[in-house]
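Structure record follows, encoded as structure tokens.
Number of protein chains: 4
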Amino acid sequence: MGNNLLRGKKGIIFGALDEKSIAWKTALKCYDEGASIVLTNAPVALRMGEINKLAEAVKAPVIGADVTNMDDLKKLFEESMKHFGGGIDFVLHSIGMSLNMRKGKHYTEMDYGFNQKTLDISAMSLHRVLRTAWDMDAINEWGSVVALTYIAAQRVFPDYNEMADAKALLESVTRSFGYHYALKKKVRVNTVSQSPTRTTAGSGVKGFDGFIDYAEKMSPLGNASSDDCANYCVTLFSDYSRMVTMQNLFHDGGFSFTGVSEPVVKQMEK
Amino acid sequence: MGNNLLRGKKGIIFGALDEKSIAWKTALKCYDEGASIVLTNAPVALRMGEINKLAEAVKAPVIGADVTNMDDLKKLFEESMKHFGGGIDFVLHSIGMSLNMRKGKHYTEMDYGFNQKTLDISAMSLHRVLRTAWDMDAINEWGSVVALTYIAAQRVFPDYNEMADAKALLESVTRSFGYHYALKKKVRVNTVSQSPTRTTAGSGVKGFDGFIDYAEKMSPLGNASSDDCANYCVTLFSDYSRMVTMQNLFHDGGFSFTGVSEPVVKQMEK
Amino acid sequence: MGNNLLRGKKGIIFGALDEKSIAWKTALKCYDEGASIVLTNAPVALRMGEINKLAEAVKAPVIGADVTNMDDLKKLFEESMKHFGGGIDFVLHSIGMSLNMRKGKHYTEMDYGFNQKTLDISAMSLHRVLRTAWDMDAINEWGSVVALTYIAAQRVFPDYNEMADAKALLESVTRSFGYHYALKKKVRVNTVSQSPTRTTAGSGVKGFDGFIDYAEKMSPLGNASSDDCANYCVTLFSDYSRMVTMQNLFHDGGFSFTGVSEPVVKQMEK
Amino acid sequence: MGNNLLRGKKGIIFGALDEKSIAWKTALKCYDEGASIVLTNAPVALRMGEINKLAEAVKAPVIGADVTNMDDLKKLFEESMKHFGGGIDFVLHSIGMSLNMRKGKHYTEMDYGFNQKTLDISAMSLHRVLRTAWDMDAINEWGSVVALTYIAAQRVFPDYNEMADAKALLESVTRSFGYHYALKKKVRVNTVSQSPTRTTAGSGVKGFDGFIDYAEKMSPLGNASSDDCANYCVTLFSDYSRMVTMQNLFHDGGFSFTGVSEPVVKQMEK
Numbered sequence: 001m002g003n004n005l006l007r008g009k010k011g012i013i014f015g016a017l018d019e020k021s022i023a024w025k026t027a028l029k030c031y032d033e034g035a036s037i038v039l040t041n042a043p044v045a046l047r048m049g050e051i052n053k054l055a056e057a058v059k060a061p062v063i064g065a066d067v068t069n070m071d072d073l074k075k076l077f078e079e080s081m082k083h084f085g086g087g088i089d090f091v092l093h094s095i096g097m098s099l100n101m102r103k104g105k106h107y108t109e110m111d112y113g114f115n116q117k118t119l120d121i122s123a124m125s126l127h128r129v130l131r132t133a134w135d136m137d138a139i140n141e142w143g144s145v146v147a148l149t150y151i152a153a154q155r156v157f158p159d160y161n162e163m164a165d166a167k168a169l170l171e172s173v174t175r176s177f178g179y180h181y182a183l184k185k186k187v188r189v190n191t192v193s194q195s196p197t198r199t200t201a202g203s204g205v206k207g208f209d210g211f212i213d214y215a216e217k218m219s220p221l222g223n224a225s226s227d228d229c230a231n232y233c234v235t236l237f238s239d240y241s242r243m244v245t246m247q248n249l250f251h252d253g254g255f256s257f258t259g260v261s262e263p264v265v266k267q268m269e270k
Numbered sequence: 001m002g003n004n005l006l007r008g009k010k011g012i013i014f015g016a017l018d019e020k021s022i023a024w025k026t027a028l029k030c031y032d033e034g035a036s037i038v039l040t041n042a043p044v045a046l047r048m049g050e051i052n053k054l055a056e057a058v059k060a061p062v063i064g065a066d067v068t069n070m071d072d073l074k075k076l077f078e079e080s081m082k083h084f085g086g087g088i089d090f091v092l093h094s095i096g097m098s099l100n101m102r103k104g105k106h107y108t109e110m111d112y113g114f115n116q117k118t119l120d121i122s123a124m125s126l127h128r129v130l131r132t133a134w135d136m137d138a139i140n141e142w143g144s145v146v147a148l149t150y151i152a153a154q155r156v157f158p159d160y161n162e163m164a165d166a167k168a169l170l171e172s173v174t175r176s177f178g179y180h181y182a183l184k185k186k187v188r189v190n191t192v193s194q195s196p197t198r199t200t201a202g203s204g205v206k207g208f209d210g211f212i213d214y215a216e217k218m219s220p221l222g223n224a225s226s227d228d229c230a231n232y233c234v235t236l237f238s239d240y241s242r243m244v245t246m247q248n249l250f251h252d253g254g255f256s257f258t259g260v261s262e263p264v265v266k267q268m269e270k
Numbered sequence: 001m002g003n004n005l006l007r008g009k010k011g012i013i014f015g016a017l018d019e020k021s022i023a024w025k026t027a028l029k030c031y032d033e034g035a036s037i038v039l040t041n042a043p044v045a046l047r048m049g050e051i052n053k054l055a056e057a058v059k060a061p062v063i064g065a066d067v068t069n070m071d072d073l074k075k076l077f078e079e080s081m082k083h084f085g086g087g088i089d090f091v092l093h094s095i096g097m098s099l100n101m102r103k104g105k106h107y108t109e110m111d112y113g114f115n116q117k118t119l120d121i122s123a124m125s126l127h128r129v130l131r132t133a134w135d136m137d138a139i140n141e142w143g144s145v146v147a148l149t150y151i152a153a154q155r156v157f158p159d160y161n162e163m164a165d166a167k168a169l170l171e172s173v174t175r176s177f178g179y180h181y182a183l184k185k186k187v188r189v190n191t192v193s194q195s196p197t198r199t200t201a202g203s204g205v206k207g208f209d210g211f212i213d214y215a216e217k218m219s220p221l222g223n224a225s226s227d228d229c230a231n232y233c234v235t236l237f238s239d240y241s242r243m244v245t246m247q248n249l250f251h252d253g254g255f256s257f258t259g260v261s262e263p264v265v266k267q268m269e270k
Numbered sequence: 001m002g003n004n005l006l007r008g009k010k011g012i013i014f015g016a017l018d019e020k021s022i023a024w025k026t027a028l029k030c031y032d033e034g035a036s037i038v039l040t041n042a043p044v045a046l047r048m049g050e051i052n053k054l055a056e057a058v059k060a061p062v063i064g065a066d067v068t069n070m071d072d073l074k075k076l077f078e079e080s081m082k083h084f085g086g087g088i089d090f091v092l093h094s095i096g097m098s099l100n101m102r103k104g105k106h107y108t109e110m111d112y113g114f115n116q117k118t119l120d121i122s123a124m125s126l127h128r129v130l131r132t133a134w135d136m137d138a139i140n141e142w143g144s145v146v147a148l149t150y151i152a153a154q155r156v157f158p159d160y161n162e163m164a165d166a167k168a169l170l171e172s173v174t175r176s177f178g179y180h181y182a183l184k185k186k187v188r189v190n191t192v193s194q195s196p197t198r199t200t201a202g203s204g205v206k207g208f209d210g211f212i213d214y215a216e217k218m219s220p221l222g223n224a225s226s227d228d229c230a231n232y233c234v235t236l237f238s239d240y241s242r243m244v245t246m247q248n249l250f251h252d253g254g255f256s257f258t259g260v261s262e263p264v265v266k267q268m269e270k
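These protein sequence lines are chains A, B, C and D, in that order. To convert, note that position 118 of the first sequence is 118 in my numbering; the numbers rise steadily by one, no gaps. To convert, note that position 18 of the second sequence is 18 in my numbering; the numbers rise steadily by one, no gaps. To convert, note that position 15 of the third sequence is 15 in my numbering; the numbers rise steadily by one, no gaps. To convert, note that position 60 of the fourth sequence is 60 in my numbering; the numbers rise steadily by one, no gaps.
Shown next as structure tokens:
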């Protein structure tokens, strides 16, 4: 496509690790639609990933930032505004990390110190980003912030472990801060609840392959891909969705409102 | 704007009564975005309204159809496909009518014959439209159907009367038929739950003015206008939202997830 | 058990067809808890069923009533109040019938005349019952009305067909009328969304056995039985739940908030 | 009342500060219904409160425990089981504390260190309690755990500040742990979402009086009292609700499903 939907808009994209990342696809897509981009990720992720390839493709600077560090975030916004010569129009928050999952700890035997870090990185980081922007008045009127989430915030998917709780917290921060930012400056904040996606991060989840097949069978349109998600994010960053805020938007091929599908019933009869 | 988001797409718009109608604004907007349009409404509405003005503006034929009459709907789709020289890409269902409200009957004293007509016109009409298209295979792959609804389907707004029940039924039909149409032909079906809007239809609701002010005060971004709604519908008709189906999407400036707002609390203290 | 939870209370139970009915179990349980009962069902169901056995067990008169007939309902309430020597404290609405399912018609090829009857019998009947009571002032202050529903009102279960829409309508009537009856006389109205249950009615659903196994595997506590449901209804009729109204209460062993369970994932891998 | 609903059951009640506490009322009510009780609270709260008066009334030992300290929780369960001579049947979690609110910090200017403590005390404490019981196998089969929450977890009430996020997290923990505990030992875990209540804790919220009046006007049955809530908790601890788990149950006089009420509309017109 490429319809200049984001012509002249300026955005910060968090979380593009490699080509499989939703954030990566979203950066490409936003660029195609006429946006200027700043890319950011945790310093450690920058070292591991291949972000320079993306940076070149979308002509974006890469600015490292630890989302649990307010000074890093301040610097990120300062440098971004300097780069853009003005305020920010959109932000993609695609950040999540579970220490307990990495360490193979079951939900019922979590380490509470790890959990605190998981909540900080995966959920409260959205508050930190918004609050940094708020304090600096960095987001333009009618700006749009999207955070990626997962339906485990509403229903239990056992292997999703503590990330379910982190996503529930993230969605609550979205509503709470969204209220204030709408009143103050007509900035909207939403989450997109995406199908399970074979990203490098997603693949870390135990039993992920079996699960992604289940979701595929349960979704009348099939699972949404990263590319689909990038397209959807573009509409949310555009001026076509100005009055949508404080929402959790399912982008999942119909999974969320399907109780059971015929293919799953057939599989159960085996 | 006008970004050719719907370039080459063909759509049927139900329910454009006059300039204040959401359907009217949506027709204009879709045309701006490159779509070809067929306009339709009930024969009686065609006589009352000023639809020819719109028809001229968007270069669309007007085809009358009573949505409770399967022959009318069949004829509508046949003539539309003939006009377009092919299948339909999108449909807007903006249809609602409450006989009990018109007759001033309170919810607790409704006439059940009227109610049956209200449900047929306002909700089952979506089933009739989809089923007509289904039988004729009239909607193209990845087509998109949007029906307008209201949050009274989730929570009670006393003056909204039996229309609350009709909208709940409409949203259920959206999910049920959406499931089957996604499986069969990747057609998606969604509802948009719009802020109260000062249309000619909306104004008929008792206590509407007091209520629209309440909604304005409760929505951090204010009430969404018809123009805003038209823009949002464009994104749902476009290829940017292909994996969204069976959803009820609030387009309401944040009303739906605001429990109470500061302006309302202040008003309560008076 | 039997703790006199409903001591002195008077209730009308709709829909006890045979021993497998939830309404049958609920009548027994309410009687055990000290309530006086009137049993009612459609005249045709009275002929088919074995209700006299139940009537004897709970010392209740049986009064036939077609729930789509206002005269029948008026007579039912009049005779019940005469029998009780006073007003009604609780009502169980366990009524549902799909003509399209009986005739084997798929959701996408429904007969609209049948559908209208399905909605009238399965959903608007609750309005008719409440409105009859309202007009006669037949329900005592703090009375409690419960209607049985199913999660297909929220998510699609394809074989549930048009009953999904009927249940969505039923739940909306519950909220709408519940609002007015709470204001007028502190009467509460709720739905209970029960696990799939092997009743004579439930068994009519195509693919029911496969589905009931799926629900069993997806519910961390397993499917709730009719007896469990009867117990839960007792709490809702009792004075312990006076401030609960306009709610849809899931009684399903955790099914509603389970996205996927380990047993289902295992089955998917076969 | 007092119907021996909890005859022979043994429960731990967290959070009874003074006579206005919901936990206080619930302890009294459970005792009336035949239960044996252990009372617990944070050491500092024990010093401030009048818990000994309650302890005498319900013949319960008082065992101090800091809910963020696993050793304290272990000791609490050990001593409770010793006191009861066996396992636990029910637990009430009525715990919440916001450091940012105490310090008068607006949501957009929160201290993240305080926030971390708020989440730990108000939400993750439920995980800690359940996990302690899980590790010690301290809760009997079909045991019941209830945590008190508030509708700010679903919609924004601006003055509720970071507690909204804490309650969203609490409700997610309820679902997540509830899944596992149901599978392991048929223990159910639910939250009760109560009307705003004039407790000593509740009164700390800014603008609480104005808000409680709004809730009263918006709830068709009025606000639910602490006594009402205690009654409702009894049903959830009893064997009448065995198949209810992983739910958030609104106990609020209908507030949650009322979009607007006539009294509020009238007030808006002033």
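Yeah, the Cβ is synthetic: ideal placement off N, Cα and C, and Gly gets one too. All figures in this text were calculated on a predicted structure; none of them were measured in a lab.
Inclusion of Leu-39/A and Ala-55/A in the CB contact set at 8 angstroms is warranted, their separation being smaller than that value.
Arg-188/B has Ser-144/B as its beta-bridge partners, per DSSP. Listed along chain A, the residues sitting closer than 7 angstroms to Pro-158/D by beta-carbon distance are Tyr-179. In the DSSP annotation of this structure, the continuous segment of the alpha helix (DSSP H) that includes Leu-76/D starts and ends at 70 to 84. Taking a Cβ-Cβ threshold of 7 angstroms, none of the residues of chain C is close to Asn-248/B; the smallest such distance is about 11 angstroms. Taking the CA atoms as reference points, Glu-79/C sits about 10 angstroms from Gly-85/C. The region 165 to 172 of chain D makes contact with the region 103 to 121 of chain D; the number of CB pairs closer than 8 angstroms reaches 3 or more. Ala-230/A has its alpha-carbon roughly 8 angstroms from the corresponding atom of Ala-27/A. In this structure, Tyr-31/C lies near Ile-37/C, with their beta-carbon atoms less than 8 angstroms apart.
Assignment of Leu-249/A by DSSP, reduced to helix, strand and coil, places it in the strand class. Taking C-alpha positions only, Gly-222/B is separated from Gly-207/C by approximately 48 angstroms.
Put simply, of Ser-219/D, Val-62/D and Val-67/D the residue whose alpha carbon is nearest the alpha carbon of His-93/D is Val-67/D.
Between the alpha carbons of Lys-53/A and Ala-35/A lies a distance of about 18 angstroms. Within the same chain, Cβ atoms closer than 6 angstroms to the Cβ of Val-58/A are found at Ala-27, Tyr-31 and Ile-37, the five residues on either side in sequence being excluded.
The Cβ atoms of Asp-89/B and Lys-9/B lie closer than 8 angstroms to each other. DSSP, read as helix, strand or coil, puts His-180/A in helix.
The Cβ atoms of Tyr-107/C and His-180/B lie closer than 8 angstroms to each other. Shortest Cα-Cα distance from Gln-194/C to any of Leu-249/C, Ile-63/C and Asn-4/C involves Leu-249/C.
At least one CB atom of chain D sits nearer than 8 angstroms to the CB of Phe-257/B. In the DSSP annotation of this structure, the continuous segment of the alpha helix (DSSP H) that includes Phe-114/C starts and ends at 112 to 119. Of the candidates Arg-7/B, Leu-5/B and Val-91/B, Val-91/B places its Cα closest to the Cα of Thr-174/B. Counting along the chain, Leu-39/B sits inside the beta strand (DSSP E) bounded by residues 36 to 41. With a threshold of 16 other beta carbon atoms within 10 Å, Gly-143/B meets it and is buried. Think of a sphere of 8 angstroms around the beta carbon of Met-136/A: no beta carbon from chain D falls inside it, the nearest being about 13 angstroms out. Put simply, of Gly-178/D, Asp-213/D and Pro-220/D the residue whose alpha carbon is nearest the alpha carbon of Ala-182/C is Pro-220/D. For Gly-2/B, the closest of Ile-212/A, Arg-128/A and Ser-238/A by C-alpha to C-alpha distance is Ser-238/A.
Of the candidates Ala-60/C, Asn-4/C and His-251/C, His-251/C places its Cα closest to the Cα of Arg-188/D. Of the residues Gly-49/A, Met-48/A, Asn-4/A and Tyr-214/A, the one whose Cα lies closest to the Cα of Glu-262/A is Tyr-214/A. Cβ-Cβ distances below 8 angstroms link Ile-139/D to Gly-87, Ile-88, Asp-89, Val-91, Ala-133, Val-145, Tyr-181, Lys-185 and Val-187 in the same chain, with the five nearest sequence neighbours on each side left out; the list follows chain order. Val-260/D and Ile-212/D have their C-alpha atoms roughly 15 angstroms apart.
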